[in-house]
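Colleague:
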Amino acid sequence: MSITVKPLHTVFVAGVTGLDLREPLTDGTVAAVEAAINQYGVLVFPGQFIDDEQQMAFSRRFGDLETTVKLYRKDYVPRLNPHVSDISNLDENNRIRAKDDRLRLNGLGNRLWHSDSSFKRVPARFSLLSARRIPSEGGETQFADMRAAWDALPDGKKALLDGMICEHTQLFSRAKIGFTDWSEEERVKMAPVPQLMVRTHPASGRKSLYLSSHAGRIRGMEEPEARMMLMDLMEFATQPQFVHTHNWTVGDLVMWDNRCTMHRAREHDETQVRDLHRTTVSDGLPTVAAEAA
Ligand code: OGA
Ligand code: MN
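Read in order, the letters of the sequence shown correspond to residues 1351 to 1643 in the working numbering.
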């Protein structure tokens, strides 16, 4: 069996077939997947009915996995392995969470455009999201190509942005949806981290805007000006020509490169189950070299 990579209606998303993710893969197959993700940014593997162990084994071929940090969860009983993020509307008893459930409300933040773990000093490189149960309609995931957005910026703007450092925290993204109910201890743990505004992809050499709803400040800039600049850039980068919508089918595994894409969830009927499991490969290093204390 050899793998086939075919673009799907857009330049930055490809479908990958001809491999079975339940089985260990050869180094050659892994290298082909890595070359494809570095070229495209988003890969869709249809018909992969994997369990969490198989998903973790596949994901680990690309680097170390992140562990989910559940900050505010004294009351939180995890449903999944610590290396698997629970992207669902279910609680530990597999029941749909109540309207006012704090985890549900926090999870609504996934409907804001973001790049995974940009609120961590060492952010995510790849995310791999496996569809286990999906609602009958809605609940799509959208992706935006941040290399194409960068390429489309006027030269003057590129020169202005290159080298800027933003500050990211989940406090900023959650505040956007009015979720501000954090303990002092949580706020301390969620202190903003620096991230480059413009990144260069190490494999392709392409530059991209590194935006995320977690970004709320720009170093050396007044806060209202920084916020407006981030909002304007976000609007620019998520124009329809840069965006692809993925309509889920159970068994899809979608892998994306957080260094050069953003994504967001779309709404769905919350009386229906939506259950996706995510593994996340760490980027290994901060985007901004460690600063002297
Ligand atoms: C994620 C995420 C979006 C979705 O898994 O990181 O943001 O559509 N998911 O569930
Ligand atoms: Mn995400």
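We put the beta carbon where it would ideally sit given N, CA and C, even for glycine. Here the structure is a predicted model, which means the values were calculated and not measured.
1) Is Asp1607 near the ligand MN, in the sense that its beta carbon is under 7 Å from a heavy atom of that ligand?
2) Whole angstroms is fine: what's the gap from Thr1637's alpha carbon to Leu1546's?
3) Tell whether a beta-carbon distance below 8 Å holds between His1627 and Arg1482.
4) Spatial neighbours of Tyr1560 within its chain, please: CB distance less than 8 Å, with the 5 preceding and 5 following residues excluded, ordered by chain position.
5) Which residues have their C-beta within less than 6 Å of a heavy atom of the ligand MN, listed in chain order?
6) Is Ala1615 near the ligand OGA, going by C-beta to nearest heavy atom under 7 Å?
7) Got a sec, what are the start and stop residues for the alpha helix (DSSP H) Leu1546 sits in?
8) Can you give the beta carbon distance from Leu1635 to Val1472, rounded, assuming they're within the 8 Å contact cut?
9) Check whether the region 1528-1540 and the region 1475-1492 are in contact - that is, three or more C-beta pairs closer than 8 Å.
10) Does the structure place the region 1391-1407 close enough to the region 1365-1373 that three or more beta carbon pairs sit under 8 Å?
11) Helix, strand or coil for Ala1494 per DSSP?
12) What residue from Leu1462, Lys1470, Val1434 and Pro1428 has the CA that sits closest to Leu1453's CA?
13) Could you tell me which whole alpha helix (DSSP H) segments of length 4 or greater appear in the region 1468-1555?
14) At a threshold of 7 Å, does Ile1437 count as lining the ligand OGA (C-beta to nearest heavy atom)?
15) On a Cα-Cα basis, can you pick out the residue from Lys1526, Glu1572 and Thr1491 that is closest to Val1394?
16) Do you know offhand how far Ala1386's Cα is from Gln1591's?
17) Quick one: Cα of Ala1643 to Cα of His1518, how far?
18) Would you kindly work out how many angstroms separate the C-alpha atoms of Ala1509 and Arg1569, rounded to a whole number?
19) So, are the CB atoms of Val1363 and His1594 less than 8 Å apart?
20) Applying the 10 Å Cβ sphere with the 16-neighbour rule, what's the burial state of His1326?
21) Using only the alpha-carbon positions, how far apart do His1551 and Arg1475 sit?
22) Hey, does Arg1497 have any beta-carbon neighbour from chain D nearer than 8 Å?
23) At the level of alpha carbons, what is the spacing between Pro1485 and Asn1439?
24) With a threshold of 16 other CB atoms inside 10 Å of the CB of Asp1582, please say whether the residue is buried or exposed.
25) For Ala1643, which three-state DSSP category applies?
26) Along the beta strand (DSSP E) that carries Val1380, what are the first and last residues, could you check?
27) So the alpha helix (DSSP H) Gly1457 belongs to, where does it begin and stop?
28) Counting C-beta neighbours from all protein chains within 10 Å, is the total for Met1584 16 or more, i.e. buried, or is it exposed?
29) Start and end of the alpha helix (DSSP H) containing Ser1632?
30) Under the rule that 16 or more other beta-carbon atoms within 10 Å means buried, what is Lys1470, buried or exposed?
31) Using 8 Å for Cβ pairs, my map puts Asp1402 next to Ser1632. What's the rounded Cβ distance?
Modeller: The structure says:
1) no
2) 6 Å
3) yes
4) Ser1465, Ser1468, Met1496, Cys1516, Gln1545, Leu1546, Met1547, Val1548, Arg1549, Arg1609 and Thr1637
5) Asn1460, His1464, Asp1466 and His1613
6) yes
7) From DSSP, Leu1546 is part of no alpha helix (DSSP H) but of the beta strand (DSSP E) over Val1543 to Leu1546.
8) 6 Å
9) no
10) yes
11) strand
12) Pro1428
13) 1496-1502, 1505-1511, 1520-1526 and 1534-1539
14) yes
15) Thr1491
16) 21 Å
17) For Ala1643, the predicted model reports a pLDDT of 49, less than 50, meaning its position is unreliable and no value from the coordinates is stated.
18) 16 Å
19) yes
20) An answer regarding residue 1326 cannot be provided, because it is not within the stretch 1351 to 1643 covered by the chain.
21) 11 Å
22) In the displayed structure, chain D is absent; only one protein chain is listed.
23) 11 Å
24) exposed
25) Bear in mind that the predicted position of Ala1643 carries a pLDDT of just 49, short of 50, making it unreliable; the figure below should be weighed with that in mind. Reduced to three states, the DSSP call for Ala1643 is coil.
26) Run containing Val1380: none in the beta strand (DSSP E); it sits in the alpha helix (DSSP H), Asp1377 to Tyr1390.
27) Arg1452 to Gly1457
28) buried
29) Unbroken run through Ser1632 is the beta strand (DSSP E), Asp1625 to Ser1632; no alpha helix (DSSP H).
30) buried
31) Actually they do not touch by this definition, with Cβ atoms about 18 Å apart.
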